[in-house]
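Undergrad:
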Amino acid sequence: MDPEERLKRLVKDTGKVNYVYSGFEINVSKPTLFPWYKVFNQLTEIGQEVWISKMEGKISIISKPRV
């Protein structure tokens, strides 16, 4: 299964996964139900660096390939 599909299956309806510039942007809509560990584990297993930010009250996870 490709990484984007795997992330979408993990996140389900707790957020939205977008493929952006060889990485991912995940907008978390239900932080108390979001599978934090599974998502971070998946991203790091596929060689992504991860950043977390909060804008306008919403949490976003951004990743890019490790160089």
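Residue 35 in the numbering used here sits at position 23 of the sequence shown, and the numbers go up by one each step.
Ideal placement from N, C-alpha and C gives every residue a C-beta, glycine not left out.
No experiment lies behind these values; they were computed from the predicted model shown.
#1: Within 10 angstroms of its Cβ, does Ile38 collect 16 or more other Cβ (buried), or is it exposed?
#2: For Phe52, I'd like the list of residues in its chain whose CB is within less than 7 Å of its CB, leaving aside the five on either flank, ordered along the chain.
#3: At which residues does the beta strand (DSSP E) containing Tyr33 begin and terminate?
#4: Is the beta carbon of Thr26 closer than 9 Å to that of Pro15?
#5: Where DSSP assigns a beta bridge to Val62, which residues make up the other side?
TA: Taking the structure as given:
#1: With 16 or more neighbouring CB atoms inside 10 Å of its own CB, Ile38 falls in the buried class.
#2: Val62
#3: Run containing Tyr33: none; DSSP gives neither H nor E here.
#4: no
#5: Ser75
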